[in-house]
Amino acid sequence: MRLVRLIEFLRRHLPVVVRVCLVVLALLVVLDAFPALVDKEHAHTKLEHGPGFWALFGFLGCAALIILSKAFGRLGIVRREDYYDE
Amino acid sequence: MSSFWLHPALVLMVGGLLLPLAPARLKKAWLLLVPVLAFVRVLTLAKGTFGVVRFLEWELVFGRVDALSAIFAYVMSLTCILGTLYGLHVKEDGQHIAAWTYAAGSLGAIFAGDLLTLFGFWELMALASVFLVWFRRRPESLAAGFRYLLVHVAGGVMLLAGIVLHCRGPGGSWAFVSFNVHQPGLAGYLVLGGFLLNAAVPPLHAWLPDAYTEGTFNGSVFLSAFTTKTAVYALCRGFAGLDLLVPLGVIMALYGVVYAVLENDCRRLLAYHIISQVGYMVAGVGLGTQMAVNGACAHAFAHILYKGLLFMGCGAVLHVTGQSKLTELGGLYKRMPWAFVFTLIGGLSISAFPLFSGFVSKSIIVAAAFDKHLLWAVFLLNLASVGTFLHTGLKVPYFIWFGKNNCKPETWNRAAEAPWNMNAAMAITAFLCLFIGCYTPYLYRMLPYPEDFHPYTAYHVSQTFQLLLFTAVGFFLLLKKLAPTPTISLDADWFYRKGGRLVLWLASKPIQLADTCLGELYRLAGLFGLMVSARSVGKFDNRVVDGLVDGLAETISAFGRRLRVIQRGHVQQSLALALAVAAAIIAACVLVF
């Protein structure tokens, strides 16, 4: 099946795929710094004018969500699957 | 009574009633024809008020067609086609009838022009939808269905109480128009409570992940579309501009995301993301500007399709492998590659990737919040977007189709591509998600207010790509922390699930104990006393009553015996003596005189 072959091709060349992704990420932040390309006239806060603000927001937000949610789960929210069965 | 107006819900209900009569070889054609006819009927509806029926003292309005009801009815009836196609191979008529009746309830509520009609169809939805849970026929489904029904009946009672108070209050009427959002009063808050329960606003939300996880593989596709989005419609109609809804919506958006981190069952994870996404819509309704209400409607439209697609993707995995827990799945891309692609498209749509449907709808709400300078809401909603991509775009596809292969041999052997009709339904829905994202006028022209929003500005695209792709970086760096565990997380349903146990415990322990004590007391004091008194009564009966009766009888008998003796001998002798004396007296008198 062609679709499976494509996925397996990408998996075999994982290091290259990762490198390409990193380049794309870097480009995103760099491009964001050029006012000619990304017009920030409509941005509402000063924070947003910094290049890569949303990249930082995304990364930190993701980490914070995972860590805080896990901590929340440890407060007794996460239970064994048979909790309601007894 | 006005002239007959063919309600699209009637098409579905009559079609459902006739379904068991359809011959076997025409069954599939009938299954596709009925929802298509209902959709065509929705498309051909003229704007205006129709189907007005006088019933006792009420004027019921079945057909209020305006821009707001039209867009919701459009997407609901469209989903009904897609959901039916997805479950086309299901043999049991009852499942299709339940799904269609449920969709009919939703359409009826959307077109209802008065509160009584709204309430009637509102309850029809709850009653019909519970069968989509029960038809899975697991003991857990039965229990979850009963909990779902009880919660919705309670919500319905709240709604009805609000409606009656509203209509009997000063200046109240049965018409379903906007409530006074500045001073809702008790009646307004009760109606609002009924709507918020169906919109799954915490803490009235726990029924949603509870029931949608237990639904049938195709039933949950219907469930994910109708109940919450009909509630969003009702909120748009009744409570646009109610400030309270903005913080509630933001809380919802984050609440669903937090629980999704902890979740192991993929369909339960998706259910939590319904809460999260409906949060955006509720916040949009709370903002209340034309742009925000447009955003809520657009997001509801896009959401119904991409969430349906996600439930179809995970439902396909469940249908084929029998598993929906991430700890029992993994590495399935070799077996179900198309289900992966479709689910990924759903995941990218809900995450609001550019060119996908969520991008053009969610951003209207966020922009409307910016326009009102609610910066806290904007940043928190963006944080919820991060969480959405983290789970639905990354966690679900990764841990089902890649990641560690947790499949048991029997799961792995069963895994294969889903039947053609399921893949066709997913393909059409995936196409619609992309079409909405690429060609904005399709959706924007249907919105209730004129909309000239332009989502594809360089800044917005750059912002979104940064936000989402760096979320992906965080995901892969923290992948170990996200590995699924065979656990469940407690939610607000704990109170009534354990509360129910408390009642059971009360009944089985203290109440049972009291009952036993009372029984013992009765045996000792009551029964003993009763025996003593019974014995005395027996004695009294034996001695006094019987003695009296016997004595009386003996006396009468002795008297009779005496009387008999007198009659037989002594009386005749006495009479003879008396006669002799009398004769002697008479003879003496004759001789003397």
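In order, the protein sequences belong to chains A and Z. All letters in the first sequence, in the order written, are residues 214 to 299 by my numbering. All letters in the second sequence, in the order written, are residues 20 to 612 by my numbering. Just so it is clear, CB atoms sit at the ideal spot from N, CA and C, and this is done for glycine as well. If you're wondering where the values come from, they're calculated on a predicted model, not measured in any experiment.
Fill in: Residue interval of the alpha helix (DSSP H) (run including Z:Thr-506)
Here Z:Thr-506 belongs to no alpha helix (DSSP H); instead the beta strand (DSSP E) covers 506-508.
Item checked: DSSP state of Z:Lys-423 mapped onto helix, strand, coil -> DSSP, read as helix, strand or coil, puts Z:Lys-423 in coil.
Below 8 Å on C-beta distance, what does A:Phe-272 contact in chain Z? Within 8 Å Cβ-Cβ: Phe-489, Thr-490, Val-492 and Gly-493.
Query raised in the report: Should Z:Phe-494 be labelled buried (16 or more other beta-carbon atoms within 10 Å of its own) or exposed?
Result: Around the C-beta of Z:Phe-494, 16 or more other C-beta atoms lie within 10 Å, and the residue is accordingly described as buried.
Compare the C-beta of Z:Met-20 with all C-beta atoms of chain A and state if any pair is closer than 8 Å.
For Z:Met-20, the pLDDT reaches just 46, beneath the cut-off of 50, and the residue's location in the model is therefore unreliable, although a value from the coordinates is still provided. Chain A contact via Cβ: absent.
ask   = Straight-line CA distance for Z:His-108 to Z:His-338?
value = Approximately 12 Å between the Cα atoms of the pair.
What does the Cβ neighbour count give for Z:Thr-232, buried or exposed, with the cut at 16 atoms within 10 Å? Buried, since its Cβ has 16 or more Cβ neighbours within 10 Å.
Task: Per DSSP, cross-strand counterpart(s) of Z:Lys-344 - done: In DSSP, Z:Lys-344 forms a bridge with Z:Asp-284.
task: Kindly indicate if chain A contains any beta-carbon less than 8 Å away from that of Z:Arg-516.
output: Any Cβ of chain A closer than 8 Å to the Cβ of Z:Arg-516 would place that residue at the interface, and such an atom is present.
Quick one: grab the DSSP three-state call for Z:Trp-524.
In the three-state reduction of the DSSP assignment, Z:Trp-524 falls in the helix class, which pools H, G and I.
### Query
What does A:Leu-227 touch in chain Z if you count any residue whose Cβ is under 8 Å from its own?
Those do not exist, as A:Leu-227 stays about 11 Å from chain Z at its closest Cβ, beyond 8 Å.
Strand pairing of Z:Ala-84, partner residues [DSSP]: A small correction: the amino acid at residue 84 of chain Z is Val; Ala does not occupy that position in the sequence shown. Assignment of beta-bridge partners to Z:Val-84 by DSSP yields Z:Gly-67.
Query raised in the report: Can the beta-carbon of Z:Thr-476 be found less than 8 Å from the beta-carbon of Z:Glu-347?
Result: Against a cut-off of 8 Å, the Cβ pair of Z:Glu-347 and Z:Thr-476 comes out as no contact.
Once the 5 residues before and after A:Val-230 are set aside, which same chain residues still bring their CB inside 7 Å of it? So the list reads Leu-223, once near-sequence residues are dropped.
For a minimum of 4 consecutive residues, which ranges assigned as the alpha helix (DSSP H) are wholly contained in the region 224-281 of chain Z? List check, alpha helix (DSSP H) in window: 226-233, 238-258 and 264-281.
* **Whether Z:Ile-129 touches Z:Phe-91 by CB criterion (8 Å)** => The beta carbons of Z:Ile-129 and Z:Phe-91 sit closer together than 8 Å.
- Message: Please report the distance separating the alpha-carbon of Z:Val-240 from that of Z:Lys-47.
- Response: Distance between the alpha carbons of Z:Val-240 and Z:Lys-47 is about 19 Å.
### Task
List the whole-angstrom C-beta distance separating Z:Ala-388 from Z:Leu-400, where the pair is believed to meet the contact cut-off of C-beta under 8 Å.
Contact between Z:Ala-388 and Z:Leu-400 holds: CB atoms are separated by about 7 Å, below the 8 Å threshold.
Q: Answer with yes or no whether the minimum CB distance from A:Phe-222 to chain Z is below 8 Å.
A: Answer no: the Cβ-Cβ gap between A:Phe-222 and chain Z never drops below 8 Å.
message: Considering only the alpha carbon of each residue, which of Z:Val-84, Z:Val-210 and Z:Trp-193 lies closest to Z:Leu-135?
response: Just measuring C-alpha positions, the residue of Z:Val-84, Z:Val-210 and Z:Trp-193 sitting nearest Z:Leu-135 is Z:Trp-193.
ask   = Is it true that the CB of Z:Val-210 sits closer than 8 Å to the CB of Z:Leu-178?
value = Yes; because the gap between Cβ atoms is below 8 Å, this pair is in contact.
*Give the DSSP-derived three-state secondary structure of Z:Asp-10 in the structure shown.*
With chain Z represented from 20 up to 612, any question about residue 10 of chain Z goes unanswered, as that position is not in the structure.
With 16 as the cutoff for other CB atoms within 10 Å, does Z:Trp-524 come out buried or exposed? Classification for Z:Trp-524: exposed.
Rounded to the nearest angstrom, how far is the Cβ of Z:Leu-38 from that of Z:Ile-100, given a contact under 8 Å?
For a cut-off of 8 Å, the C-beta gap from Z:Leu-38 to Z:Ile-100 is around 15 Å, too long to register as a contact.
CB contact below 8 Å: Z:Thr-362 versus chain A:
No, its Cβ sits nowhere closer than 8 Å to a Cβ of chain A.
Every unbroken alpha helix (DSSP H) inside the region 372-457 of chain Z [4 residues or more]
DSSP assignment within the region 372-457 of chain Z yields the following whole alpha helix (DSSP H) runs of 4 residues or more, N-terminal first: 376-390, 394-407, 415-420, 428-433 and 439-457.
Please determine, among Z:Leu-126, Z:Ala-206 and Z:Leu-223, the residue with the shortest C-alpha to C-alpha distance to Z:Val-172. Out of Z:Leu-126, Z:Ala-206 and Z:Leu-223, the CA that lies nearest to the CA of Z:Val-172 is found in Z:Leu-223.
Using 10 angstroms around the beta-carbon of Z:Met-355, count the other beta-carbons present and answer buried if the total reaches 16, otherwise exposed. Its Cβ being crowded by 16 or more others within 10 Å, Z:Met-355 is buried.
Legend entry - Buried versus exposed, by CB contacts within 10 Å (16 or more), Z:Pro-467: Result: buried.
Practice task
Report the option in Z:Leu-151, Z:Lys-344 and Z:Tyr-352 whose CA atom is closest to the CA atom of Z:Pro-505.
Solution key: If we check each option's Cα against that of Z:Pro-505, Z:Lys-344 comes out closest.
**Request:** Compute the beta-carbon to beta-carbon distance between Z:Thr-98 and Z:Gly-327, rounded to the nearest angstrom, for a pair I have assumed lies under 8 Å.
**Result:** Confirmed, about 6 Å.
Residues, ordered as in the chain, of the region 279-297 of chain A that lie near chain Z by beta-carbon distance below 7 Å | Contact annotation: in the region 279-297 of chain A, residues whose CB is within less than 7 Å of a CB in chain Z are Ile-279, Ser-282, Lys-283, Phe-285, Gly-286, Ile-290, Val-291, Arg-292, Arg-293, Glu-294, Tyr-296 and Tyr-297.
Discussion item. Quick check: what's the CA-CA separation for Z:Gly-303 versus Z:Ala-526?
Written reply: Here the alpha carbons of Z:Ala-526 and Z:Gly-303 stand approximately 46 Å from one another.
Measure the alpha-carbon distance for A:Val-242 versus Z:Leu-497 and round it to whole angstroms. Their backbone Cα atoms lie some 22 Å apart in a straight line.
Chain A contacts from the region 493-511 of chain Z (Cβ-Cβ distance under 7 Å): Using a CB distance below 7 Å, the part of the region 493-511 of chain Z facing chain A consists of Gly-493, Phe-494, Leu-497, Lys-500, Leu-501, Pro-505, Thr-506, Ile-507, Ser-508 and Leu-509, ordered along the chain.
| Nearest-angstrom beta carbon gap, A:Val-291 and Z:Ser-508 [assumed within contact, 8 Å] | 5 Å between Cβ atoms; contact.
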